[in-house]
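To convert a position in the sequence shown, counted from 1, into our numbering, add 128.
To keep things clear, I will list the structure first and then write my remarks on it.
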Amino acid sequence: MAAQTQAARVGIVCGSRSDFPVMEKAVEMLGKLGVPCEMRAISAHRAPDLLFRFVAGADERGIRVFIAAAGGAAHLPGVIAAKTILPVIGVPIPTQVAGGLDSLLSIVQMPKGIPVATVAVGGAENAALLAAEILALADPALRDRLVAFRAAQTKSIEEDESNADLRGAP
Ligand code: RP5
Numbered sequence: 129m130a131a132q133t134q135a136a137r138v139g140i141v142c143g144s145r146s147d148f149p150v151m152e153k154a155v156e157m158l159g160k161l162g163v164p165c166e167m168r169a170i171s172a173h174r175a176p177d178l179l180f181r182f183v184a185g186a187d188e189r190g191i192r193v194f195i196a197a198a199g200g201a202a203h204l205p206g207v208i209a210a211k212t213i214l215p216v217i218g219v220p221i222p223t224q225v226a227g228g229l230d231s232l233l234s235i236v237q238m239p240k241g242i243p244v245a246t247v248a249v250g251g252a253e254n255a256a257l258l259a260a261e262i263l264a265l266a267d268p269a270l271r272d273r274l275v276a277f278r279a280a281q282t283k284s285i286e287e288d289e290s291n292a293d294l295r296g297a298p
């Protein structure tokens, strides 16, 4: 579990520790936005009872959004979604077999009634941003930080040297 001083508001669950290198980008993005999070490795297939215990206790501990990342037969986000009404964001992990298309289809093709908001293959940063946007609905200070993030992102593109000739254009 990632070190933290405040209670986590976003619970990042990975199907394996081998997913951590991809998902560290979500931890980093949430850190930049000042959103406390925790990251764990709990396989839905290899430790289902532990996963259910974690999900059952998460709401009470302060988790408001889950980010679930898995590769291949990526059932983890859907299984978490089946056990909670907190929002679940799925991150398909890139794989050797089909570049992550296997992970993507496993996560995105949920049956009606149990939604998982799926981001791009390897889309850890967007998962973090989407989680922050959900939290920002009830957190004006976080909303301000997200607006500032967007503005800085746009500014860095506008100020890129390759766009120098467009500066000041209408
Ligand atoms: C999935 O299987 C994990 O999410 C990971 O992406 C993939 C491989 O897991 P390991 O064999 O590396 O533990 O469950």
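Using N, Cα and C, we set each Cβ at its ideal position, and we do this for glycine too.
Measuring alpha carbon to alpha carbon, tell me which of the options ends up nearest residue i.
| i | options | result |
| --- | --- | --- |
| Glu156 | Pro268, Val275, Asp288, Ala255 | Ala255 |
| Gly228 | Val183, Ala248, Gln237, His173 | Ala248 |
| Leu214 | Thr223, Lys160, Met238, Asp187 | Asp187 |
| Leu232 | Gln134, Glu261, Gly206 | Gly206 |
| Val141 | Ala197, Ala245, Thr246 | Ala197 |
| Gly143 | Ile191, Leu158, Ala201, Gly185 | Ala201 |
| Gly299 | Val150, Pro239, Ala154 | As shown, the chain starts at 129 and ends at 298. That puts residue 299 outside it, with no answer to give. |
| Glu253 | Leu204, Leu274, Pro243, Asp267 | Leu274 |
| His173 | Leu204, Leu258, Asp293 | Leu204 |
| Arg145 | Gln134, Met167, Gln237, Ala135 | Met167 |
| Thr212 | Ala226, Ala184, Pro149, Gly199 | Ala184 |
| Asp267 | Arg192, Ala226, Asp147, Glu152 | Arg192 |
| Gln113 | Asp293, Val225, Leu257 | Outside the displayed span of the chain (129 to 298) sits residue 113, for which this structure offers no information. |
| Pro239 | Met151, Val225, Ala269, Ala210 | Ala210 |
| Ala226 | Val244, Pro243, Gly199 | Gly199 |
| Ile262 | Glu289, Met151, Val150, Leu158 | Leu158 |
My assumption, with CB atoms under 8 Å, is that residue i sits in contact with residue j. Please give the rounded CB distance.
| i | j | result |
| --- | --- | --- |
| Arg271 | Ala279 | Actually they do not touch by this definition, with Cβ atoms about 13 Å apart. |
| Phe182 | Ile170 | 6 Å |
| Leu161 | Ala260 | 5 Å |
| Leu176 | Arg137 | It should be pointed out that residue 176 corresponds to Pro in this sequence rather than to Leu. Rounded, the Cβ-Cβ distance is 25 Å, inconsistent with contact. |
| Val219 | Ile208 | Not quite, the Cβ-Cβ distance comes to about 12 Å (not below 8 Å), so this is no contact. |
| Gly241 | Ile221 | At roughly 25 Å, the Cβ-Cβ gap does not stay under 8 Å, so Gly241 and Ile221 are not in contact. |
| Thr246 | Ile235 | 5 Å |
| Ala135 | Arg189 | 6 Å |
In terms of DSSP beta bridges, what is residue i paired with?
| i | result |
| --- | --- |
| Thr282 | Answer by DSSP bridge pairing: none, since Thr282 is not bridged. |
| Ile217 | Ile195, Ala245 |
Jot down the residue ranges of each uninterrupted alpha helix (DSSP H) in the stretch 135 to 177, minimum 4 residues, whole runs only, in chain order.
-> If we require 4 residues or more, the alpha helix (DSSP H) runs fully inside the stretch 135 to 177 come out as 148 to 160.
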